[in-house]
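Here you go:
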């Protein structure tokens with residue numbers, strides 16, 4: 005008995021010893037020691053790379069490409085001085101000629117581009133890569149991380165992923181040659197799906213300059229009209245096949261959630277040419293309301309070591325958003341688009357039943373309204389409507405309109421607020437403070453930005469006196485509180501101060517908006533809307549509902 009126990013112990017120790025030897029050979033000895041980690045340095049330095057493995061070589065690249073045995077051979081310390089040429093920032097990201105209106109959206113050569121130094125390196129033996137690829141980013145004499153308190157993101161990827169004529173997702177490329185214009189310039193940046201996802205490496209430095217996380221990630225383009233602008237929005241997909249399945253870090257200050265599967269690096273949509281914070285600021289104002297809002301964190305992006313301007317980090321509405329923010333399992337969520345024409349997750353069966361019920365029953369009757377309240381979160385719906393109407397959102401309701409619910413028996417449809425760029429005075433003809441937005445929200449026209457199916461719920465419920473009472477009561481409350489002129493002006497000032505110090509470099513990089521003076525003018529337009537909208541909204545409510553008065557002092 006004792007002999008058998010000894011033999012088992014011997015076998016276990018032998019297996020452990022072999023495992024340690026194998027681990028040391030395959031992992032420890034294949035590691036590369038580096039003299040400097042990614043980060044911010046005041047002075048130039050020499051980067052030293054070395055390994056314990058005999059008869060090895062280290063090959064590296066400085067352009068984002070993956071090192072091969074034919075890449076530069078490390079033979080002596082590498083000088084890191086941040087003094088690099090402009091390369092990728094000189095590549096046009098829109099067509100330079102075409103339709104007459106193109107000048108509004110055209111790529112402009114940068115006046116100034118901040119730099120970092122990137123390096124990819126790996127260990128080779130007998131010409132075969134035997135270590136992972138290491139990605140490092142170094143900032144030399146860049147004090148903005150401490151001055152402006154913006155997180156900094158370094159995106160490293162082979163240049164073909166973004167800029168190749170056929171394969172690159174950031175340029176007009178082959179697709180533009182094929183499809184030309186449809187008001188906006190069609191390009192490779194409009195291709196979608198997994199086949200247009202590009203593997204990259206992302207390093208996130210927090211607002212104190214510390215490296216918070218780094219991982220390989222999938223990158224895709226985002227948006228349609230805004231994808232044709234010089235600076236574009238990117239979707240980030242964290243997957244096990246790359247490295248981390250999720251990132252766990254408190255990216256957003258006002259969120260209880262610290263786990264993210266997908267994120268957006270947003271160019272501020274159509275507001276790219278104006279304030280660069282309109283949507284984020286307008287959603288921030290909605291925090292007291294019964295609404296989902298996309299959290300926000302400004303960031304500075306570098307692509308392959310070159311300054312790419314301000315990108316607003318945002319959450320992406322999808323099944324993972326609901327999983328990590330509301331503990332809803334991935335197979336228990338339904339997300340649908342305008343009129344149920346687009347099913348993003350789950351199904352729209354319950355939605356069709358509600359539509360049928362409204363068409364077949366007189367919803368002016370209280371009994372039918374009470375039934376609909378068991379299917380639709382009316383409080384959420386009213387807040388959603390009031391927001392879109394008060395903000396004079398022109399690119400709605402036949403766009404930027406999504407609903408969600410779980411499969412639980414007592415779950416109700418709720419409505420998602422997002423992409424508010426085309427609102428709050430964005431366009432003096434379409435979203436001005438004088439806009440009669442109640443008429444816009446109930447229009448029977450059936451082409452963009454209207455479609456009768458998208459406002460069917462609202463038009464139908466307006467026939468119910470109880471719904472109208474609740475709608476007007478909440479509108480009055482939000483006019484006096486959530487959307488008070490003082491509240492909004494204070495929020496605009498807060499965001500102006502947040503972005504002000506970085507905008508000069510952003511404008512020098514992209515040429516949009518045209519100058520800091522133009523940027524201040526656009527911010528003043530926000531304030532002009534906030535000051536003048538309340539009285540116009542009061543009159544619109546009185547006229548639309550045929551009221552003698554509306555108990556709101558618009559001053």
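In the numbering used here, the protein residues as written are 5 to 559.
C-beta: ideal position from N, C-alpha, C; glycine also.
Please state whether the Cβ-Cβ distance between residue 430 and residue 244 is less than 8 Å. no
Look at the alpha carbon of residue 252 and the alpha carbon of residue 410, and state the distance between them as a whole number of angstroms. 25 Å
Pick from 63, 158, 176 and 190: whose alpha carbon is nearest that of residue 130? Out of 63, 158, 176 and 190, 63 has the C-alpha closest to the C-alpha of residue 130.
Would the beta-carbon of residue 166 fall within 8 Å of that of residue 160? no
Element boundaries [beta strand (DSSP E), containing residue 156]: Element bounds for residue 156: 156-160.
Length of the line joining the Cα atoms of residue 464 and residue 442: 14 Å
Determine the direct distance from the alpha carbon of residue 308 to that of residue 88, and round the result to whole angstroms. 11 Å
Would you tell me roughly how many angstroms separate the C-alpha atoms of residue 24 and residue 73, rounded to the nearest one? Reliability of the predicted coordinates at residue 24 is poor, the pLDDT of 41 falling under 50, and the value obtained from them is presented with this limitation in mind. Rounded to the nearest angstrom, the two C-alpha atoms are 29 Å apart.
Is it true that the CB of residue 537 sits closer than 8 Å to the CB of residue 394? yes
Boundaries of the beta strand (DSSP E) in which residue 141 is found, first to last residue: 138-144
Quick one: grab the DSSP three-state call for residue 494. helix
Within 10 Å of its beta-carbon, does residue 40 have 16 or more other beta-carbons around it, so buried, or fewer, so exposed? exposed
Helix, strand or coil for residue 1, going by three-state DSSP, please let me know. No answer is possible for residue 1: it lies beyond the span of the chain, which begins at 5 and ends at 559.
Between which residues of its own chain and residue 30 is the CB-CB distance below 8 Å, once the five residues before and five after are set aside? Here the model assigns residue 30 a pLDDT of 45, short of 50, so the residue's position is not dependable and the matter cannot be decided.
Would the segment 297-305 and the segment 317-326 be scored as touching if the rule is three or more Cβ pairs under 8 Å? yes
Is the Cβ-Cβ distance between residue 233 and residue 276 less than 8 Å? yes
Determine, using beta carbons only, whether residue 67 and residue 155 come nearer to each other than 8 Å. Residue 67 is not a Cβ neighbour of residue 155, given a cutoff of 8 Å.
Measuring only the C-alpha atoms, how far is residue 492 from residue 559? 15 Å
What residue from 343, 425 and 348 has the CA that sits closest to residue 316's CA? 425
Would you tell me roughly how many angstroms separate the C-alpha atoms of residue 281 and residue 35, rounded to the nearest one? 43 Å
In the DSSP assignment, the alpha helix (DSSP H) including residue 128 goes from what residue to what residue? No alpha helix (DSSP H) contains residue 128, which is instead part of the beta strand (DSSP E) from 121-129.
List, from N- to C-terminal side, the beta strand (DSSP E) runs of 3 residues or more that fit wholly inside the segment 371-436. 406-410 and 418-420
Beta-carbon proximity of residue 401 to residue 458, cut-off 8 Å: Contact annotation: residue 401 and residue 458 have beta-carbon atoms nearer than 8 Å.
Where the alpha helix (DSSP H) through residue 321 begins and ends: No alpha helix (DSSP H) holds residue 321; DSSP gives it neither H nor E.
Residue 222 vs residue 199 beta-carbon contact at 8 Å: no
Please list the terminal residues of the continuous beta strand (DSSP E) segment that includes residue 226. 215-226
Just checking my contact of residue 417 with residue 379 at CB under 8 Å: how many whole Å lie between their CB atoms? Going by Cβ atoms, the distance from residue 417 to residue 379 rounds to 7 Å, so yes, they are a contact pair.
Could you check where the beta strand (DSSP E) with residue 305 kicks off and where it finishes? 300-307
State the DSSP-derived secondary structure class of residue 186, mapped to helix, strand or coil. strand
Which residues bound the alpha helix (DSSP H) around residue 477? 469-484
Specify, as a first and last residue, the run of the beta strand (DSSP E) that residue 338 falls within. 337-340
Can you give the beta carbon distance from residue 84 to residue 51, rounded, assuming they're within the 8 Å contact cut? 5 Å
Can you give me the Cβ contacts of residue 373 inside the same chain, cut-off strictly under 8 Å, excluding the 5 residues immediately before and after it? So the qualifying residues of the chain are 367, 465, 468, 470 and 471.
Which partner residues of residue 167 appear in the DSSP bridge assignment? BP columns for residue 167 are empty, so no partner.
Just the C-alpha distance for residue 338 and residue 352, rounded to the nearest angstrom, thanks. Taking the CA atoms as reference points, residue 338 sits about 7 Å from residue 352.
What are the start and end residues of each continuous alpha helix (DSSP H) run of 4 or more residues lying completely inside the segment 231-299, in chain order? 282-288
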